[in-house]
Amino acid sequence: NHLLADESGEPLANFRFSREFNTEEKEMILGAHQLALDSIAVCNNLNEEEKTKLYATYTRPISHRRLYGSRLLGQATRYGQSISVNLSLLIAMPPNELPQTLIHEMMHCAGFTHPKKKASDKPVSGNEYFNSPPLRAELCIVGVQSDVADKEAMISSFNDKTCVERNGAFIITTSPKIIVLLKSSGNS
77 NHLLADESGE
87 PLANFRFSRE
97 FNTEEKEMIL
107 GAHQLALDSI
117 AVCNNLNEEE
127 KTKLYATYTR
137 PISHRRLYGS
147 RLLGQATRYG
157 QSISVNLSLL
167 IAMPPNELPQ
177 TLIHEMMHCA
187 GFTHPKKKAS
197 DKPVSGNEYF
207 NSPPLRAELC
217 IVGVQSDVAD
227 KEAMISSFND
237 KTCVERNGAF
247 IITTSPKIIV
257 LLKSSGNS
């Protein structure tokens, strides 16, 4: 995408990664960002002002850090310059979760926020939390919103053979879908 290219034509040139990410993880995150970016133009869940601010944010330098010891999938501050992602949890979830998490966090970097989620809040229910710009942006990916309660149930359902906690980080065996996503850059 031209919004993310530098003079050499490399996509997502303004994005930086901490040393905690290996090459395949960086490629997976960049691929998910590209999917999120490509979905913005055809997304009917964001207004033009929200789309414009989000596009502009994708052109800014954004650093990426790994999030450890948390049940959060991602974290960013309003108008921030960095995103933290919990790949230990995200790689065990359906492939749409990573781009949904990234577009949600990019919306925070673009200046949007949401209220604290209440126990009664449910996806696409029209409540203030799920109707906020970061949550509506998630709909741009696959037309559904993520729900933390569903994710926590999924995380809790992993057995000892697929999920191990070490020093607050979850080590989870990746699914074939994620392996395909990691290898999709042409490096088999």
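The opening position of the sequence shown corresponds to residue 77 in my numbering, with each subsequent residue numbered one higher.
Even glycine gets a Cβ: it sits at the ideal position worked out from N, Cα and C.
Residue i versus residue j - alpha carbon distance
i	j	result
K129	C185	9 Å
E241	E214	Here the model assigns E241 a pLDDT of 39, short of 50, so the residue's position is not dependable, and the following value carries that caveat. If I take the Cα positions, the gap works out to 28 Å.
T189	T153	9 Å
H36	M104	The structure shown has nothing for residue 36, since the chain only spans 77 to 264.
N207	T99	35 Å
E34	K102	Lying outside 77 to 264, the shown extent of the chain, residue 34 is not represented and no answer is given.
L178	G202	22 Å
P199	E173	14 Å
K193	Q151	15 Å
Where residue i sits in the DSSP three-state scheme
i	result
S115	helix
A168	coil
A186	coil
R212	helix
Neighbour-count burial assignment, residue i, 16 or more Cβ in a 10 Å radius
i	result
S160	buried
N162	buried
S115	buried
Q221	buried
R212	buried
A132	exposed
L111	buried
7 Å Cβ cutoff, residue i in contact with chain C
i	result
T133	Going by chain labels, chain C is absent from the structure shown, which holds only one protein chain.
Closest by C-alpha distance to residue i, when choosing among the options
i	options	result
Y134	A117, F93 and M182	M182
L165	G156, R142, G187 and H180	R142
L149	S158, F93, Y155 and Q176	Q176
G187	G145, S196, Y205 and G156	G156
H109	S146, N121 and I138	I138
G219	K194, K192 and N121	N121
C216	K194, G107, V118 and E96	V118
F93	Y144, S158 and P209	S158
Y144	E96, A168, P171 and L113	E96
E204	A168, P170 and P191	P191
R147	K127, R136, M169 and E126	M169
Per DSSP, cross-strand counterpart(s) of residue i
i	result
A152	I159
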